[in-house]
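Visitor: Take this structure first; my questions come after.
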Amino acid sequence: DFESSSISRMLSSIRMFCRYLITEGLRKDNPSEVLHNPGGWKRLPKALSTEDIMKLLDSIKDTQMAERDQVIFELMYASGLRVSEVVQLRIEDVNLEAGFLRISGKGGKERVVPLSEHTLEKIKVYLSDIRPGLVKKRDVPFLFLSKRGGKLTRQRIWQSLKHYARKAGIELSPHVIRHSFATHLLEGGADLRSVQKMLGHADISTTQIYTKVTTEHLKRIYEKHHPRA
């Protein structure tokens with residue numbers, strides 16, 4: 080068996096060879112047009128159940144750092160942000176009155192993500208009660224600060240997430256909260272194009288992989304509840 084990346088390289092070579100044959104007049108058709116990269120063979124993203132999300136968030140408490148972390152993970156689940164986008168968030172990117180975030184995503188592309196009243200309230204409390212205690216001699220423009228008052232790192236967020244996941248008895252990967260955001264939106268009836276915009280996907284085919292997850296979810300519901308299943 081070959082890895083999908085190896086198959087993709089082989090297919091690329093075949094396509095180049097076919098184009099060469101056409102250029103040299105040795106063929107008129109391009110048989111490689113029917114070949115497709117193994118994109119559909121990707122492992123489906125794992126999403127946590129809403130119950131596991133609540134267990135994870137409930138496991139974060141009792142310290143100043145935990146209060147900060149709870150806001151971070153609440154925000155990630157409410158917005159689908161990448162960890163790299165969370166650490167780049169500036170205070171000015173949060174519009175508390177209008178209820179949205181302005182995100183600079185991959186390739187410098189900006190997008191706007193709406194936030195729930197619950198999440199906005201968490202951010203307000205963080206800004207008024209928690210963040211001032213993290214500021215040291217010189218304030219920085221970033222929304223989330225480290226214990227030393229500097230910019231938070233992706234590694235620190237991932238370490239914290241693993242710590243709380245162990246406490247809650249949950250297995251997860253760095254992107255599982257983002258996957259859960261997308262999956263739960265689609266399961267709730269959100270349209271694919273809106274989810275694409277909120278995730279910041281340049282190509283809707285990237286978002287479509289989540290429809291396979293939700294299709295599996297619907298199948299499980301059918302098999303569990305339908306008398307003919």
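Start counting the sequence shown at 80; every next residue gets the next number (my numbering). Quick reminder that beta carbons are idealized off the backbone N, C-alpha and C, glycines included.
Where do the N-terminal and C-terminal ends of the beta strand (DSSP E) with Val191 fall, by residue?
Guide: Your numbering for residue 191 matches position 112 in the sequence shown. It spans 189 to 193 - the beta strand (DSSP E) in which Val191 sits, taken as one unbroken run.
Visitor: In the DSSP output, which residue or residues are listed as bridge partners for Leu180?
Guide: By one-based count along the sequence shown, residue 180 stands at place 101. Val173, Val192.
Visitor: Which of helix, strand or coil does DSSP assign to Leu213?
Guide: To locate residue 213, count along the sequence shown from 1; it is residue 134. Correct three-state label for Leu213: helix.
Visitor: What does the alpha-carbon distance come out to for the pair Glu266 and Ile101?
Guide: Here the question's residue 266 lines up with position 187 in the sequence shown. Here the question's residue 101 lines up with position 22 in the sequence shown. Glu266 and Ile101 have their alpha carbons spaced roughly 47 Å apart.
Visitor: Where Lys284 and Val274 are concerned, what is the direct C-alpha to C-alpha distance, given to the nearest angstrom?
Guide: Stepping through the sequence shown from its first residue, residue 284 is reached at position 205. Stepping through the sequence shown from its first residue, residue 274 is reached at position 195. Sequence check: residue 284 is Ser here, not Lys. C-alpha separation (whole angstroms): 12 Å.
Visitor: Look at the Cβ atom of Arg330, then the Cβ atom of Ser183, and state whether they are nearer than 8 Å.
Guide: Missing from the structure shown is residue 330; the chain here goes from 80 to 308 and no further.
Visitor: Please return the same chain residues whose Cβ sits closer than 8 Å to the Cβ of Gly186, not counting the five positions on each side in sequence.
Guide: For the purposes of this step, residue 186 is taken as residue 107 along the sequence shown, with counting starting at 1. Here the set comprises Ala281.
Visitor: Drop a sphere of 10 angstroms on the beta-carbon of Arg147, count the other beta-carbons inside from all chains shown, and report buried for 16 or more, exposed for fewer.
Guide: Numbered from 1 along the sequence shown, position 68 holds the residue referred to as residue 147. Around the Cβ of Arg147, a 10 Å sphere holds 16 or more other Cβ atoms; the residue is buried.
Visitor: Helix, strand or coil for Thr294 per DSSP?
Guide: If you number the sequence shown from 1, residue 294 lands on position 215. Looking at Thr294 - three-state DSSP - the assignment turns out to be helix.
Visitor: Quick one: what's got a C-beta closer than 8 Å to Arg257's C-beta in the same chain, skipping five residues either side?
Guide: Here residue 257 is taken as the residue at index 178 of the sequence shown, counted from 1. Met155, Gly159, Leu160, Arg161, Leu278, listed in sequence order.
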